[in-house]
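Residue numbers (this note's numbering), protein chains in the order written: chain A, 14 to 218; chain B, 2 to 657. Heads up, the beta-carbon is just placed ideally off N, CA and C, and yes, glycines get one too.
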Amino acid sequence: MKKASIIMIIGSLLLLGLFKFPLWNIMLGAPQYPDPLGMNIYIDGIKGVSEFDLQNIDGLNHYIGMKTIPKADEMWEFSMFPKVIFGMAMLGVIIGLLGYFGKVSYKYFLGWFLFMSVLGILGMYDFNNWLVDYGGNLDPHAIIKVTNPDGTPMSYKPPLIGFKKLLNFDVTSLPHTGGYLMFVGMSLTLVAFWLGRKTSLNKKT
Amino acid sequence: MKNLLTSSIAMFVILLGFTSCNNGNKSGSKSGALASNIAEKVYVAPGEYDSHYAFLSGGYSGNVTVYGLPSGRMFKEIPVFSQFPTSGYGYSEETKPMLNTSYGFIPWGDAHHPDISQSKGELDGRWLFINENNTPRIARLSLTTFETEEIIEVPNSAGNHSSSFVTENTEYVVAGTRFSVPIPQRDMPIKDYKGNFQGALSFISVAPETGNMDIKFQVLMPGFNYDLSHPGRGKSHGWFFFTTYNTEEANTLLEVNASQNDKDFIAAINWKKIEEYVNNGGGTMMPANYAHNVYDEHTHTATSTMKKEVRVVNPIEVPGAVYFIPTPKSPHGCDVDPSGEYIVGNGKLSANLTVHSFTKMLDAIENKKFAGEAYGIPILNFEDVLAGVVEQPGLGPLHTEFDGKGNAYTTFFISSEVVKWKLGTWEVVDRKPTYYSVGHLTIPGGNSGKPQGKYMFAMNKITKDRYLPTGPEMEHSAQLYDISGDKMELLLDFPTHGEPHYAAAMEAGIIKAQSQKIYKLADNKHPYAAKSDADTKVVRDGKNVHIYLTTIRSHFSPDNIEGIKVGDKVYFHVTNLEQDFDVPHGFAVIGQNNSELLVMPGQTKTSVWEPKQVGVWPFYCTDFCSALHQEMQGYVRVSAANSDTPIKWSLGEDIE
Ligand SMILES: [Cu+2]
């Protein structure tokens, strides 16, 4: 159980990587952009991969009437997410410590994982909503209006995850270092649960 | 006179002979150049990069052109000594000071010999220096921004030809005068030239970090013509060598009168010795008047300062610093091999090629074996210094470059060819015709201790029948050779712009990696910059009106301007807000009496407009910048001189 608790603590602490590394990354490449433009999504705001990428993405997007990429203070998420992540990391550490000293059972590890998963799914849902709004809620005075074959206005929503062709841009959306650290961390809490369960079963038999 | 006539006819016959000789050779080599494996050697597929940069002087165009090798594609024309309406260089308020001189504003120049800066004898790709022949000047270009950053005028000089070569750590760039003149200039009979004229060899120091130039000293030499020069390197580092002609000091009909002496000189200058003398207070400050023009990358503005004195050194006051090496016959090129041992004097009227030995020169100096002196400067014995002679290699040798593998390549103007020969054995190992009348040749890294000897290109003065004709005038031609094998192989002909005298070239790596893509708007310290639309405004100051204008795809801000009057001097200060690679915007207004502007991302440039008629006049972007480039336009309302139309500006709203 001690081993499991330590893994639980490590797993929770890996969430803190999100304060240094981006959660997500979206790259936009095209023949006229041999060095693709890109944005890194951090839990507290969006930054360009290169210094002027955001300005240049906004510049391109204004033709099709997309809103500018939100600044940190323009979305409640960017002030809320850091609190949630920090809180979850601390909660995980506390559960781990309590487990280490035998105060709580390994089942709390799973509880933390499930809670975190729900929050994560909500986060992804929120992120996707934002992408839908960002890509579809276009300025009616947009200079260029492109419609789908059925006559509906084209959406420029980037993919939630994976690759998509938007006009002449190749758009790739994938988790980044902070996101991977979070996934590894969450997986470790599952491992901690499984290890805790194994030791506890061993004791019983 | 009769002699002159017969010798001219004889020369004409010789020239004819060589021309027809060339025609004879040509058909054979043409089929060779068409072989497909040769085409592959210069083919750079779409999206791929050339392996080398080449910087060719533009001669009378006053610029530098940038080429890729081996493709021979021209990438850019960099204005240096001439006005350039393509970008507004020399027309915009910020760049006009670059062309200021003691003779006033000079909109033109004759650019000859570019040279890349060096560290420890190797090309470091930081700066390119180039001389201007007619109004003696030296320019420094940044190889980060590919812009001219500094121009210094050279006083006491005329025909700034034996320039602009740099020492192996870029301690100095030299500016040697081709024409000797009265120093200081004065009214005197021309026939009294001999003994009264002098030639100034200027040593311009280069600040190691900034590259800023300053004339450290001028050596006032006898009144010969100082034709070309090269620095010593390796063992001869600390010396500079200059070819001379007209040691006869003739003042008329030089083609005959300056060709009388069997030998002229190579002047060997121990600049370290003179530098030491100067650092200890030697030399004298002499009144002078010359411009020093510096472009500041942050204010995007040049300033011109007039300097009032220059330090001159009389060579006989620094014993052991200057010697003359007799060299046949009216030598032109003066080239030093990568080791620094051999100094090649290309006697353009000599049948043979003379190579001097630096070691032997030092020996002769040490043993005081002098043949005499000229104006107090010791003359060494020709035989004492001679390293070897390349026998009968061709006619009219001009310039020599080295491949770093023990071979030298010399151009022959009259016989129109490049001849490859071996250092040390002096034997000719290969020769290839050039079409036609070759001047300089360049091997990347040529003027350094480490030539990058894969390619060599020859710069020909005449092009006839090599390209589709374009009337009586054709662009000059360069010819690229592969010199990696035993035999030179002609790979490509490509047109060049202006009259390329010399070129500097190097492998692409260092320059490509450091090339700047934008100017950061945040670093823009131009006093009239508008760094956002909130900073845009129109300000009247008496008859001057300053318009702070911004550009971004695809509009100007403001785009409606009123309150301008006939007789005003209107300054359009255009700031490009883009921060994206290769997205300049242009600016042009109807009736502009200077040029359009091309403003780089993050940069501010100013054009002056003096409206002469009332009306509503359009301005627009001259560089196709975006899908809505055609919409990138605006209007200026010009009212009568006595009207009271108030100043107004707007974007995106109707003026009530
Ligand atoms: Cu434009």
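Residue i CB to nearest heavy atom of ligand 1 below 7 Å
{"i": "B:ASP624", "result": "yes"}
{"i": "B:SER555", "result": "yes"}
{"i": "B:THR552", "result": "yes"}
{"i": "B:HIS630", "result": "yes"}
{"i": "B:HIS664", "result": "Residue 664 of chain B falls outside the range modelled here, since chain B spans only 2 to 657, and no answer is possible."}
{"i": "B:MET633", "result": "yes"}
Range of the contiguous beta strand (DSSP E) that encloses residue i
{"i": "B:VAL567", "result": "Run containing B:VAL567: none; DSSP gives neither H nor E here."}
{"i": "B:LEU492", "result": "490-496"}
{"i": "B:GLY126", "result": "123-133"}
{"i": "B:TRP427", "result": "Here B:TRP427 belongs to no beta strand (DSSP E), and DSSP marks it neither H nor E."}
{"i": "B:LEU399", "result": "398-403"}
{"i": "A:THR165", "result": "Note, A:THR165: premise wrong, no beta strand (DSSP E); not H, not E."}
{"i": "B:ILE336", "result": "Note on identity: in this sequence residue 336 of chain B is Asp, with Ile being the wrong assignment. It spans 332-337 - the beta strand (DSSP E) in which B:ASP336 sits, taken as one unbroken run."}
{"i": "B:GLU374", "result": "371-375"}
{"i": "A:ASN79", "result": "Residue identity check: residue 79 of chain A is Met in the sequence provided, not Asn. Taken as a continuous stretch (DSSP letters only), A:MET79 belongs to no beta strand (DSSP E), as it is neither H nor E."}
{"i": "B:TYR227", "result": "226-232"}
{"i": "A:PRO188", "result": "182-188"}
{"i": "A:PHE176", "result": "175-179"}
{"i": "B:ASN353", "result": "Neither: B:ASN353 is in no beta strand (DSSP E) and is coded neither H nor E."}
{"i": "B:PHE166", "result": "161-167"}
{"i": "B:TYR173", "result": "173-178"}
Which residues DSSP lists as bridging residue i, in chain order
{"i": "B:MET307", "result": "B:ALA292"}
{"i": "B:LEU70", "result": "B:HIS53"}
{"i": "B:VAL600", "result": "B:HIS586"}
{"i": "B:ILE216", "result": "B:ILE205"}
{"i": "B:GLY616", "result": "B:VAL639"}
{"i": "B:THR605", "result": "B:THR576"}
{"i": "B:ASP483", "result": "B:TYR456, B:GLU490"}
{"i": "B:TRP109", "result": "Answer is none; B:TRP109 lacks a bridge partner."}
{"i": "B:GLU154", "result": "B:ARG138"}
{"i": "B:GLY60", "result": "B:ALA112"}
{"i": "B:TRP650", "result": "B:ILE562"}
{"i": "B:ALA144", "result": "Checking the sequence, you will find Leu at residue 144 of chain B rather than Ala. DSSP, once it has assigned bridges, lists no residue as partnering B:LEU144."}
{"i": "B:LEU221", "result": "B:ALA201"}
{"i": "B:LEU536", "result": "Reading off the sequence, residue 536 of chain B comes out as Asp, not Leu. None; B:ASP536 has no bridge partner."}
{"i": "A:ILE50", "result": "Here the sequence assigns Leu to residue 50 of chain A, which means Ile is not the residue at that position. Looking at the DSSP assignment, A:LEU50 forms a beta bridge with A:LEU41."}
{"i": "B:PHE414", "result": "In the DSSP output, where bridge partners are listed per residue, B:PHE414 has none listed."}
{"i": "B:GLY312", "result": "Contrary to the premise, residue 312 of chain B reads as Arg rather than Gly in this sequence. Looking at the DSSP assignment, B:ARG312 forms a beta bridge with B:MET286."}
{"i": "B:GLU78", "result": "B:THR66"}
Residue range of the alpha helix (DSSP H) that includes residue i
{"i": "B:LYS730", "result": "The shown model of chain B, from 2 to 657, leaves out residue 730 of chain B, and the question about it has no answer."}
{"i": "A:PHE94", "result": "90-113"}
{"i": "A:VAL145", "result": "120-149"}
{"i": "B:ALA365", "result": "359-367"}
{"i": "B:ILE383", "result": "Note that residue 383 of chain B is Phe in the sequence shown here, rather than Ile. Its alpha helix (DSSP H) spans residues 383-386."}
{"i": "A:ALA17", "result": "15-26"}
{"i": "A:ASN74", "result": "66-74"}
Write down every uninterrupted run of the alpha helix (DSSP H) in the stretch 241-291 of chain B whose length is 4 residues or greater and which is fully enclosed by it, in chain order. Counting only runs of 4 or more, we get 255-258, 272-280.
Chain-ordered residues of the stretch 44-73 of chain A with a beta carbon less than 7 Å from chain B: Legend: CB atoms of the stretch 44-73 of chain A lying less than 7 Å from CB atoms of chain B belong to residues PHE65, GLN68, ASN69, GLY72.
Residues in the stretch 155-166 of chain A with C-beta within 8 Å of chain B's C-beta atoms, listed in sequence order? Residues passing the 8 Å Cβ filter: ILE156, ILE157.
List, from N- to C-terminal side, the beta strand (DSSP E) runs of 3 residues or more that fit wholly inside the stretch 450-477 of chain B. List check, beta strand (DSSP E) in window: 456-461.
Positions along the stretch 567-592 of chain B whose CB lies within less than 7 Å of some CB in chain A: Answer set for the stretch 567-592 of chain B: GLN580, ASP581.
Note down, in chain order, all residues in the stretch 36-59 of chain B with a beta-carbon under 7 Å from any beta-carbon belonging to chain A. Cβ contacts with chain A: none found.
The stretch 624-656 of chain B: positions lying closer than 7 Å to chain A by Cβ: Correct list: ALA628, LEU629.
When Cβ atoms are compared, which residues of the stretch 76-100 of chain A fall closer than 8 Å to chain B? Listed in chain order, the positions of the stretch 76-100 of chain A with a beta carbon within less than 8 Å of a beta carbon of chain B are TYR76.
In the stretch 442-468 of chain B, which residues sit with their C-beta less than 8 Å from some C-beta in chain A, listed in chain order? Within the stretch 442-468 of chain B, no residue has a Cβ that lies closer than 8 Å to any Cβ of chain A.
Chain-ordered residues of the stretch 542-566 of chain B with a beta carbon less than 8 Å from chain A: Hits within the stretch, in order: ILE553, ARG554.
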